[in-house]
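Input: a single structure, listed below in C-alpha cells.
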Amino acid sequence: MAASSVKAARGWPVLALGVRNRLLRLPGLTQVRWSRYGPEYKDPQIDKEYYRKPLAELTEHEKDDLELRKTQHIKAAPATKTSSVFDDPVISKFTNMIMKGGNKVLARSLMTQTLEAVKRKQFEKYHAASAEERATIERNPYTIFHQALKNCEPVIGLVPILRGGHFYQVPVPLADRRRRFLAMKWMITECREKKHRRMLMPEKLSHELLEAFHNQGPVIKKKHDMHKMAEANRALAHYRWW
Amino acid sequence: MAAPCVSCGAAVFYRIFLGGRVSLARRQGVWKAAAAELQIGAGSQILRLRHTTGVTTKKNVAALRRETYTVEFIKKQIEEFNIGKRHLANMMGEDPETFTQEDIDRAIAYLFPSGLFEKQARPIMKHPEQIFPKQRAIQWGEDGRPFHFLFYTGKQSYYSLMHEAYGKLLDIEKRQNQLQAKGLFSENTKTKDLIGSRWLIKEELEEMLVEKLSDQDYAQFIRLLERLLTVQCGAEEEFVQQFRRSVTVQSKKQLIEPLQYDEQGMAFSTSEGRRKSAKAEAIVYEHGSGRIKVNGTDYLLYFPVTQDREQLMFPFHFLDRLGKHDVTCTVSGGGRSSQAGAIRLAMAKALCSFVTEEEVEWMRQAGLLTTDPRVKERKKPGQEGARRKFTWKKR
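Chain order of the listed sequences is U and C. Numbering follows our numbering, in which position 121 of the first sequence is assigned residue number 101; successive positions increment by one, without gaps. Our numbering runs 7 ahead of the 1-based position in the second sequence.
What follows is the structure, encoded as C-alpha cells:
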C-alpha cells in the first residue's frame, strides 16, 4: 500500500482494479476531486428489457451503441439499484433526501409507511364514494407520488446576481433536475417544520402528497409564490447573461 | 571458454539500459490511459481543476540538454543490440534465430531479478528504436537550402501529410463526379468495423511525424480523415487505416469458472467476491429452489434489511432464474451492505458458468461482474476527515 500511495503522490500509473492515480492530464493543474473509477468507466445499464430486445427491432443508433458498449469498461452497479420492477428512481432519490445521518433503513421504512398511508386514505375514500366518483379516485400510491411531485415543480426560479454591489433576485429558467430537486426539497422541509410535534412523518407526508396531487396545499402555494416573485422581478431578467 | 563468456556477458550487460537513465520515447502506459479517454468519451465531470505554479529554473546542465543521437550512433546501437540478443539466446540455451522480444524480456527478468516497485526502473533490453527518441536529421544541405519544399512552414511533415490527404480527397471526388456524369455511380456505403478501432491520439501523431502539433492541427487532421472515410473509396482505405489503432474490442476478460460435480452428480460452481473489506465465497448449485444459506443461516434471518435481500436477488432476477438455483455462501468482514454486495458479486461470477456468453456480456454491462473499487478514503493531516476541513477561524 505504501508503494501505491508513493506512486499516487508522484502520479504514476498503478495497475489494479481500474484504480486511477494517473498523471495530471494538463500541466500545472491539480485534480481536486477524483473517483476510484477511471474516466473511461461508463455507468451500467440495469434495465433487463434493454438486453432482451431482439436484434431486428434495434435502430442503427442502438446497434452502434451496443457495439460500442462491448469495448467499454463498466462501473459496478450501486447497492441501491436492482432490475426489480419495484425499483423506482424517483422514490429512491426521495428516500435519500429524507435520510438523516446515513440511516437508510429508517428512511426507507418511512417511505413505505407513507405510501401505505396514501393507499389506505385513498381506499377509504374509494369505499365511501359513490359509483361515479369511484372512477376519478386514483388509488395507486406511486402515480399519486409522481403526480404530486410534478405538480410541485416550479417552472421558473430566482437566482441572486451581484450587480453594482447589490444582490438582485433575477428570474431564470430552471433545468429539469433542479426543478425535481426543488419540489422534493420543499415537500420535505414543509413536512418537517410544519407538523405537530407528536405527529409522525408518514402521516404528514401522505397528507401533503395528497393535497399536492389535487393542486392544493402549502407546497403548491410555495411554488405559486416563487412564480409570482419571478413575475414581479421580470424587469431584471436582462441581468441574466446565459 | 572463459574469455568468450566474459565478452558475451559484457556485451549483454552493455545493452541493458536502466529505464530511467535514458528517457523512453513513449510512455505508453501513461498516455494511453490518460489520452485515450479524451478520445473516447466525455471527461469526468467531477474534476475541478486547480491551478498550481511550478518552480522552473533554467540550468544548462549537461544532463538536461537534449542529447542528439547521430545516425551512426543509432546504427551502432542496433548492431550491438542484435549481437547482444544472440549472446543472450545462447546463454539461455535457445535458438538465436527465433528469439523474440518477449523471450528477451523473460530472460532479462530471470538474469537480473529486480525487486523495485517502479517498473520503469527495472533493467530492460529493447530495440534502440524504442529507447532513443526519434530525432530528425538535418533538414538542409551544405548550401543551406532545405530539402523539403514545406520547410519554411515550420511543420513540414504535418503540412505535407495534410497536403497528401487533401489531394487524395480531391482525387476521389473527381473520380466520383466522373462516374456520376457517366451514370455509373453506385452508393455503396460499407461501414467498416469502426467500433473496434479509434483514431490515433495527438501524442501518437506527434511521435509519428516527429514534430510538435497543436490541438487545432490535430483536430483539423482528424476532421480531414473523417471526411475521407465518409467519401468511401476502397483505394484510400490503407491510407486511412494507418491512422487507426485498435481498441480492446470486448472487455471479455471475464474468467468463467469451470463446473464441478459433487457426490450426487449435481453441478455447482464456486466463486469469490469482495466489496470494501467484506470477502464472500458463493457456491451456486445448478438445480434448486432458490434457497440461499449465508454462513449457515437462512438469508432472511441473516439480512433483515430488504435492500440487502434485493441485492442478493438481483443477479438471478436479471437472468430470469429466480427460483432455479440453490446457493451456499460464506462471508466475513465489512458491514451489512458490503457483505451483501460481496455475495452479489460472488453469485454473479459463479452464475457465469451456467449461462451463455451473451448473457455474461449482459451481466457485465449491467455492472454485476465488476468489483467495486470504492473504499473508504483516508483521513488527511491538517483536515478533520477525508474531505472535511477544520472550522475556519478568521483570527
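Every residue gets a Cβ at the ideal spot worked out from N, C-alpha and C, and that includes glycine.
By alpha-carbon distance to T94 (chain U), the top candidate from U:M79, U:L48, U:H187 is U:H187. Interface with chain C (9 Å Cβ-Cβ cutoff): P121 (chain U) is excluded. The CB of A56 (chain U) comes closer than 9 Å to the CB of R282, G348, L352, G374, L375, L376, T377, T378, D379, P380, R381 in chain C, given here in chain order.
Between V217 (chain C) and the set C:E233, C:P140, C:R282, the nearest pair of CA atoms involves C:P140. Comparing C-alpha distances from F325 (chain C) to each of U:F161, U:R119, U:V65, U:E191 shows the shortest one belongs to U:V65.
Neighbourhood of F325 (chain C) in chain U, by CB distance below 9 Å: I26, K28, Y31, T62, S63, in chain order.
Bridge pairing for Q390 (chain C): C:K396 [DSSP].
Residue contact with chain U for S296 (chain C): absent (no Cβ-Cβ distance below 9 Å to any residue of chain U).
In the assembly as shown, S345 (chain C) is a buried residue. Its beta-carbon has 16 or more other beta-carbons within 10 Å. With a threshold of 9 Å between beta carbons, R49 (chain U) makes contact with chain C. From the listed residues U:E112, U:V135, U:Y17, the smallest Cα separation to M206 (chain U) is found for U:V135.
Taking all protein chains shown into account, M179 (chain U) has fewer than 16 neighbouring C-beta atoms within 10 Å of its C-beta and is therefore exposed.
The alpha-carbon of R205 (chain C) is positioned some 40 Å away from that of V291 (chain C). Counting along the chain, I141 (chain U) sits inside the beta strand (DSSP E) bounded by residues 136 to 143. Residue environment: H204 (chain U) is assigned as exposed (fewer than 16 neighbouring CB atoms within 10 Å of its CB, all protein chains considered).
In this structure M169 (chain C) is not in contact with F246 (chain C), their Cβ atoms being roughly 13 Å apart against a cut-off of 8 Å.
Bounds of the alpha helix (DSSP H) holding A347 (chain C) are 343 to 358. Close to chain U, meaning a Cβ-Cβ distance shorter than 8 Å, is no residue of the segment 212 to 232 of chain C at all.
In the DSSP assignment, E288 (chain C) forms a beta bridge with C:E279, C:T337. Of the residues assessed, H218 (chain U) falls on the exposed side of the cut-off, its CB having fewer than 16 other CB atoms within 10 angstroms. Rounded to whole angstroms, I145 (chain C) and F156 (chain C) show a C-alpha spacing of 14 Å. Close to R328 (chain C), with beta-carbon spacing below 7 Å, lies no residue of chain U; the smallest spacing is near 12 Å. At a C-beta separation below 7 Å, V85 (chain U) has these neighbours in chain C: V312. When the alpha-carbon of P140 (chain U) is set against those of U:D44, U:N213, U:L162, U:K175, the nearest one is in U:N213. Shortest Cα-Cα distance from A115 (chain U) to any of U:H107, U:P121, U:A87 involves U:H107.
Here DSSP, grouped into helix, strand and coil, assigns K175 (chain U) to coil. For S253 (chain C), the beta-bridge partners assigned by DSSP are C:S204. The Cβ-Cβ distance between A116 (chain C) and I54 (chain U) does not fall below 9 Å. Annotated three-state conformation of I54 (chain U) is strand, per DSSP. Non-local C-beta neighbours of E183 (chain U) in its own chain, meaning closer than 8 Å and more than five positions away in sequence, comprise A97, ordered along the chain. A188 (chain C) is classed as exposed because its beta carbon has fewer than 16 other beta carbons within 10 Å across all chains shown. In the DSSP assignment, T304 (chain C) is bridged to C:V301. Of the residues C:Y309, C:E125, C:A353, C:R281, the one whose Cα lies closest to the Cα of G341 (chain C) is C:R281.
When rounded, the separation of the alpha-carbon atoms in W369 (chain C) and E317 (chain C) is 19 Å.
Judged by DSSP in its simplified three-state form, V152 (chain U) adopts strand. When the alpha-carbon of L375 (chain C) is set against those of C:S360, C:L352, C:E384, the nearest one is in C:L352.
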